[in-house]
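S.K.: Could you have a look at this structure, given as structure tokens, before my questions?
Residue numbers (the numbering used here): 14 to 168.
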């Protein structure tokens, strides 16, 4: 391969462009969740659930909402490793979006389904307006699990 071959014009693959934009979008959301961790976690139910998680040092399942196990695993690991309270709050804040990013990666790279990855981005775009600062709602996590299930089974 010659140096000149690198700069040859190639057709732009829309699917790859959308996947790269998806990675950028999710990374920006994760950055924002880390930057605004106090606003996201120290508010209503988020503060209560985080307090219960830190105080009991075990999973906090409220009202039988078992999908929170996925989201509470990373903060619980941070608590067990003895991280500071600020670090635990940051991990609590970004774990909600981290689960979505993992689902995006599974859909686009493991299942090779860019449309499913874009659906995850659409889910976060629609839900972000009302739930970015109210992150303990299980609706986005439930919708993500439903998307993985349907796409995994080819429905």
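Beta carbons: idealized from backbone N, C-alpha and C, even for Gly.
Bear in mind that the values here come from a model prediction, so they are computed numbers and not experimental data.
What is the residue span of the alpha helix (DSSP H) that residue 27 lies within?
M.R.: Here residue 27 refers to the residue found at position 14 when the chain shown is read from its first residue. Segment 27-48, the alpha helix (DSSP H) holding residue 27.
S.K.: Cβ atoms of residue 42 and residue 134: under 7 Å apart, would you say?
M.R.: Translated into positions along the chain shown, residue 134 becomes position 121. Translated into positions along the chain shown, residue 42 becomes position 29. For residue 134 and residue 42, no; Cβs fall outside 7 Å.
S.K.: In angstroms with no decimal places, state the Cα-to-Cα distance between residue 56 and residue 147.
M.R.: Within the chain shown, residue 56 is the residue found at index 43, counting from 1. Within the chain shown, residue 147 is the residue found at index 134, counting from 1. About 8 Å.
S.K.: Can you give me the Cβ contacts of residue 132 inside the same chain, cut-off strictly under 7 Å, excluding the 5 residues immediately before and after it?
M.R.: On the chain shown, position 119 is the one that residue 132 refers to. Excluding positions up to five away in sequence, the list reads 160.
S.K.: Are there 16 or more other CB atoms within 10 angstroms of the CB of residue 106, so buried, or fewer, so exposed?
M.R.: What you label residue 106 is simply residue 93 of the chain shown in a count that begins at 1. Residue 106 comes out buried.
S.K.: The alpha helix (DSSP H) with residue 93 in it runs from where to where?
M.R.: As a first step, residue 93 must be located in the chain shown, where it is residue number 80. 81-93 is the span of the alpha helix (DSSP H), which, as asked, contains residue 93.
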